[in-house]
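Reviewing the structure listed below.
Numbering (the numbering used here), first residue to last: 36 to 476.
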């Protein structure tokens, strides 16, 4: 067997594999002998069919099969041994005049070669956002906690912010729907004032046009379908059945213990500090994701190289279960080109900076996450056996193991980029960050 490579250009090559009869003959004979042992052909005993008849019936198919196996094996060995990095898979070139009786077969495979390029991390200049946690945000969080753990009380009269249970009715329009609604949900202040001071059993009339900020709220609160709600302009009567309000929970030790465990937080100041710690962690993750996305875009912009586009489009046509047309392959290539470019850039960054993950690293990473989760449920000192058992179960799930590996690699990439990429740090509030995130700033 002889294998040679001919470079077409820097991105394309052809590998030629010459296969002689002696390379596959023994395997063909063995397969045909097995066929002969089990062949059932009228007029012959099982196992006594003449080999000439077996060869005539199965010979060509067996030769093709064994040659194909040999080609795949030797081509993969060659690419590995010669350290030839390719994109996609080798594409066999069609052979129109295949002679089964030839002493030597020659097969050609097209290759799309991985381009040579360098990645300069220092060329990127990216803003790193530091999301600050202000006193106003902390006060809002405290109020939210008080409301969440507050008590629901029944009231005699309606005040702003109260929850109402009642029924909207308009018999002609087919409306008869019981619902719960906060008084402040109504868009017009004049409508809200109609409810203030009213009691259970009172009936209030309002118009549906402009009743809520969003037209689809008519669907929710009046029990309508979207088509009926569209442009609806009638009057409805709301009969109040119950009035309730949420009384905020007191900021006392009972609430602190319920939130964080006994004695961990003992004052409002410590509560705010805890809220701030959690917010900082959450904001840091979001800021890191934004930073990673921005570095990715900068590297794609600054790292220029050509791809074997013609080869890849041809490969895309053949790789799926259903062959694609040239036009379909062109569309698929356009959609995937950017992702492929970043895969190559990321792979080079990982290799050059030795960021590859070991299984032991992933296990340790998973163990730390599990310990943190257990601590949230009061298990601050779990045994190593308990943690290891959970880790083994988690990593036995291939999807979960892949997700953890990708998460860990993402963190390694962020840390590397923070070290090597030119960054400008900017302090922003969360609201300002959201505007930047969604391109509003």
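By construction, the Cβ of each residue, glycine as well, lies at the ideal position given by its N, Cα and C atoms.
All values derive from a computational prediction rather than experimental measurement.
Residue i: buried (16+ other C-beta within 10 angstroms of its C-beta) or exposed?
i	result
residue 77	exposed
residue 291	buried
residue 369	exposed
residue 217	exposed
residue 188	exposed
residue 199	buried
residue 329	buried
residue 80	exposed
residue 303	exposed
Note down, in chain order, each residue of its chain lying with its Cβ closer than 7 angstroms to the Cβ of residue i, except the 5 sequence neighbours on either side.
i	result
residue 358	352
residue 440	392 and 397
residue 474	none
residue 223	245
residue 55	36, 138 and 139
With a cut-off of 8 angstroms on the beta carbons, I'd call residue i and residue j a contact; round off their distance for me.
i	j	result
residue 197	residue 278	6 angstroms
residue 110	residue 48	Actually they are not in contact, since the Cβ atoms of residue 110 and residue 48 sit about 12 angstroms apart, beyond 8 angstroms.
residue 127	residue 142	7 angstroms
residue 46	residue 341	6 angstroms
residue 333	residue 159	4 angstroms
residue 225	residue 213	Their Cβ separation, rounded to whole angstroms, is 24 angstroms, which puts residue 225 and residue 213 out of contact at 8 angstroms.
residue 257	residue 271	7 angstroms
residue 465	residue 180	Actually they do not touch by this definition, with Cβ atoms about 17 angstroms apart.
residue 451	residue 379	Residue 451 to residue 379, Cβ: 17 angstroms. No contact.
Taking C-beta to C-beta, are residue i and residue j nearer than 7 angstroms?
i	j	result
residue 190	residue 280	yes
residue 67	residue 97	yes
residue 163	residue 458	yes
residue 310	residue 176	yes
residue 426	residue 435	no
residue 314	residue 168	yes
residue 422	residue 327	no
residue 50	residue 152	no
residue 375	residue 123	no
residue 307	residue 156	no
residue 383	residue 154	yes
With a threshold of 6 angstroms on Cβ separation, who are the neighbours of residue i within its own chain once the five nearest residues in sequence on each side are excluded?
i	result
residue 229	239
residue 455	156
residue 120	149
Under 8 angstroms Cβ to Cβ from residue i, same chain only, skipping five residues before and after it: list those, please.
i	result
residue 478	There is no way to answer for residue 478, as the model of the chain reaches only from 36 to 476.
residue 443	392, 396, 397 and 400
residue 57	none
What are the complete alpha helix (DSSP H) segments, minimum 4 residues, inside the region 388-456?
Taking only runs of at least 4 residues, the alpha helix (DSSP H) segments lying wholly in the region 388-456 are 394-411, 419-431 and 433-455.
At which residue ranges does the region 128-193 contain complete beta strand (DSSP E) runs of 3 or more residues, listed in the order of the chain?
Counting whole runs of 3 or more residues, the region 128-193 contains the beta strand (DSSP E) stretches 139-148, 160-166 and 186-189.
If we require 4 or more residues per run, which alpha helix (DSSP H) segments fall completely within the region 314-374?
The region 314-374 is shown to contain whole alpha helix (DSSP H) runs of 4 or more residues at 344-354, in chain order.
So within the region 202-288, which uninterrupted beta strand (DSSP E) runs reach at least 3 residues, ignoring any that extend past its ends?
If we require 3 residues or more, the beta strand (DSSP E) runs fully inside the region 202-288 come out as 210-217, 238-242 and 270-282.
Those runs of the alpha helix (DSSP H) which lie wholly inside the region 38-84 and span at least 4 residues:
Qualifying alpha helix (DSSP H) stretches, in chain order: 56-73.
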